[in-house]
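Asks:
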Amino acid sequence: MTASGHSRRQTSSPSKSENVATEAKFGPRKGFDWNRLTWGRPDSVPSVLCSYCSAVIPEDDVPLIVSNAKGWTVRFCRKCMKEQWGFAE
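Going by our numbering, the letters in the sequence shown line up with residues 408 to 496, in that order.
(1) On a CA-only basis, which of Tyr459, Cys484, Gly447 is nearest Asp467? Give me that one, please.
(2) Could you tell me how far apart the beta carbons of Trp441 and Trp479 are, in whole angstroms, since I believe they sit closer than 8 Å?
(3) Measure from the alpha carbon of Cys460 to the alpha carbon of each residue in Asp450, Lys486, Pro449, Phe494, then state which is nearest.
(4) Let me confirm a value: Val481 is counted as buried when at least 16 other C-beta atoms fall within 10 Å, else exposed. Which label applies?
(5) Can you give me the Cβ contacts of Lys489 inside the same chain, cut-off strictly under 8 Å, excluding the 5 residues immediately before and after it?
(6) Look at the alpha carbon of Pro470 and the alpha carbon of Pro435, and state the distance between them as a whole number of angstroms.
Rendered as structure tokens:
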């Protein structure tokens, strides 16, 4: 019993699948040139430029951001998200 007089009920925890983030498996379209990317360092402020075409990414846009296991990142503008990755606008 708790101090308020109410008994504590055992609550079941959510299943593990509800608490685990899923890993998305997707990739760029055929012809994507990985050598064209400008990678951002893990300790650097994110660039305002697209890592593929160097276009300015507007401040109010939500770019696709991809990182590797060591924390290096690339950012893609809307045009490259659509043309290189197949995202719809």
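Glycine included, C-beta positions come from ideal geometry on N, C-alpha and C.
Replies: So, from the listed chains and residues:
(1) Cys484
(2) With a Cβ gap of about 13 Å, Trp441 and Trp479 do not count as contacting.
(3) Lys486
(4) buried
(5) Ala495, Glu496
(6) 15 Å
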